[in-house]
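**Q** Just so it is clear: in the sequence shown, position 331 is 349 by this note's numbering, and no numbers are missing. This structure is in structure tokens; I'll ask about it shortly.
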Amino acid sequence: MTSESIVSVVDQIFESIVKSKKSTPDLFIREKGEVRSVGEGIARICGLPNVVTDELVKFNDGSLGLVYNLDEYEIGVILLDDEQHIDAGDEVFRTERVLGVPVGETLLGRVVDPLGRSLDDKSAFRAVTYLAVEREAPSIMNRESVDTPLQTGILTIDALLPIGRGQRELILGDRQTGKTAIAVDSIINQKDTEVICIYCAIGKQRAEVNRVVADLKKHDVFENTIVLSASSSVPVGLQYIAPYAATTMGEYFMEQGRDVLIVYDDLTWHARAYRELALLLRRPPGREAFPGDIFHIHARLLERSAHLKESGGSMTALPIIETQGQDISAFIPTNLISITDGQIFLSPELFQKDVLPAIDIGKSVSRVGGAAQLLAYRMVSEELRLAYSQFEELEAFSRFSSRLDEDTLKQIERGKRIREVLCQDQFDTIEVVQQIALLVAVTNGLFDEMELFQIEAACNVIRANIEFEAGTISTKVKAGEKLEKSECEDLVNTINNILAKRF
Ligand code: ATP
Ligand code: MG
């Protein structure tokens, strides 16, 4: 047998081995290496002299790995599938491909894993487009400033911490303070809009993800949402790539000129997953044992959210971070605060006092959204912020003093009413005109004569009737036009009439 025919026979055997191991035929396989060791979500392999970083490699059993470390004698690979069927000595093949995920309309209303495989009971995706998971962020020249609001339906946020399309706003707080609730409510508020939503769960229990899916279905927004789930039970490598995969799915729509809202719940687990991989692959640990490029992995993720100049599309990111003991100066929270355009801080103390959503306004900020906020908010938001922050100080102070002058008492009473108005149930998102009416009512002292317990009912009465009664003012508010002084007065009168007639 000539050497050429030996080569072709070996090629055929090789092909048949690969096919019998359920390999996808489109993967172009060239080189073969060997597994040295495997465990804890990573594998060390040798051979494959030409392999490059971030390349996909394929194991004998058809499972995939991502090349991460290129050492002198060894390659460190992050496993993207279960490692049960991989053993030392197994063959591993180059694919000359980078990792990609399916993108497009077919993913809407589906639950998928970070490789784009269906996790719900519906059928697999048919002929879809694939895009690389790691993509470059839009250049500065291709970015437009944030100029359109993204209404969350949460009064405190829309009035005081406005978010614009293309903005990155961090949600952070201790365990069980309502972080997910804010993100899910923001998705629910996109119900009758064109905004496409992506909920990316990282390191969560499967039951938690199922609950979010059920909530989205219940509020009729699931059909416009992609849920990408990398629960705590999946290989840690999948948890690591999950937010990048979700972002790629969003970018597809953004590049077509559409608006996307993406929630990463939560990046603490993403950082932990990455730390685990880096430590196992013996990358030098730094602060809190995180590897040196931990800032970069989140920066390159969030930089991909933008308002694009060319297509006009946008991707608004709401990354979530869990703090411990309200320590916002810990390593990962400070990193993310510096990467994002603002933060919403949730306070466990407010949560315990039943002030929900438990947003600590003093520690929260939105750096770019103000420019995009609807003009009607601006006539009330300044006064509201001032009155509320003064109230918070006075409230703390008044605990130590029993004798207060009349002005101070008035400010405290007004502040209590503002807090009451800002309290909002989960899943009860408020429409723009209703929000403006409530804010105008409280800042003009329409609730001052009421008892605190009556305010919720009064708010409900205003909300139910304002759209009908306000007429042209409501059209103007929605169109983002400024209200004249006389129109503000009209609005106050209308609200007064509603309260007088129906409350
Ligand atoms: P974890 O740290 O476990 O992820 P989390 O910070 O995401 O928790 P959530 O799960 O969103 O917190 O909320 C905790 C609990 O508080 C839930 O039971 C939720 O229903 C309740 N909750 C949150 N926001 C509100 C609200 N505005 N009104 C009433 N209940 C709320
Ligand atoms: Mg949560």
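Beta carbons: idealized from backbone N, C-alpha and C, even for Gly. Since the structure is predicted, the reported quantities are computational estimates derived from the model, not experimental observations.
Taking Cβ to Cβ, would you say V16 is nearer than 8 Å to G268?
**A** The chain is shown from 19 up to 521; residue 16 falls before or after that span and cannot be answered.
**Q** Mark I31 as exposed unless 16 or more other C-beta atoms lie within 10 angstroms of its C-beta, in which case mark it buried.
**A** For I31, the pLDDT reaches just 48, beneath the cut-off of 50, and the residue's location in the model is therefore unreliable, leaving the point undetermined.
**Q** Who are the Cβ neighbours of R54 in its own chain at under 7 Å, not counting the five residues just before and after it?
**A** R62, I63, C64, E92 and A106
**Q** Confirm the yes/no value for this check: CB of K197, any heavy atom of ligand 1, distance under 7 Å.
**A** Yes, the beta carbon of K197 sits closer than 7 Å to at least one heavy atom of ligand 1.
**Q** Between G59 and E109, is the Cβ-Cβ spacing less than 8 Å?
**A** no
**Q** At 3 residues or longer, what runs of the beta strand (DSSP E) sit wholly inside the stretch 92–155?
**A** Every unbroken stretch of the beta strand (DSSP E) spanning 3 or more residues and falling wholly within the stretch 92–155 is given here in chain order: 93–97, 109–116, 118–121, 128–130 and 147–150.
**Q** Report, in whole angstroms, the separation of the C-beta atoms of V151 and V119, which I expect to be a contact under 8 Å.
**A** 6 Å
**Q** List the whole-angstrom C-beta distance separating V70 from I104, where the pair is believed to meet the contact cut-off of C-beta under 8 Å.
**A** Wrong, their Cβ atoms sit about 21 Å apart, outside the cutoff.
**Q** Under 7 Å from any heavy atom of ligand 2, does the C-beta of D203 make it?
**A** no
**Q** Determine, using beta-carbon pairs with one atom in the stretch 214–228 and one in the stretch 243–252, whether at least three such pairs fall under 8 Å.
**A** yes
**Q** If you draw a straight line from the C-alpha of D523 to the C-alpha of C441, how long is it?
**A** Summary: the structure shown does not reach residue 523, with the chain confined to residues 19 through 521, and so no result is reported for it.
**Q** Apart from the five residues on each side of it in sequence, which residues of its chain come closer than 6 Å, Cβ to Cβ, to D378?
**A** F363 and S365
**Q** Can you grab the Cα-Cα spacing for the pair I513 / R224, in whole Å?
**A** 46 Å
**Q** Counting C-beta neighbours from all protein chains within 10 Å, is the total for E502 16 or more, i.e. buried, or is it exposed?
**A** exposed
**Q** When the Cα of V386 is compared with those of R183, S399, V230 and E90, which residue comes out closest?
**A** R183
**Q** What do you reckon, is the C-beta of P337 under 7 Å from a heavy atom of ligand 1?
**A** no
**Q** Can you look up M333 in the DSSP assignment and give me helix, strand or coil?
**A** If DSSP states are grouped into helix, strand and coil, M333 belongs with the strands.
**Q** Could you tell me the distance, in whole angstroms, from the CA atom of T461 to the CA atom of A475?
**A** T461 and A475 have their C-alpha atoms roughly 18 Å apart.
**Q** In three-state terms, what does DSSP make of K494?
**A** In the structure shown, K494 sits in a helix (DSSP, three-state: H, G or I).
**Q** Flag this pair as yes or no: are the beta carbons of R318 and A155 separated by less than 8 Å?
**A** yes
**Q** For D44 and N353, I'd like the C-alpha separation in whole angstroms.
**A** For D44, the predicted structure reports a pLDDT of 47, less than 50, and the residue's modelled location is therefore unreliable. A value from the coordinates is still provided. Taking the straight line joining both Cα atoms gives about 40 Å.
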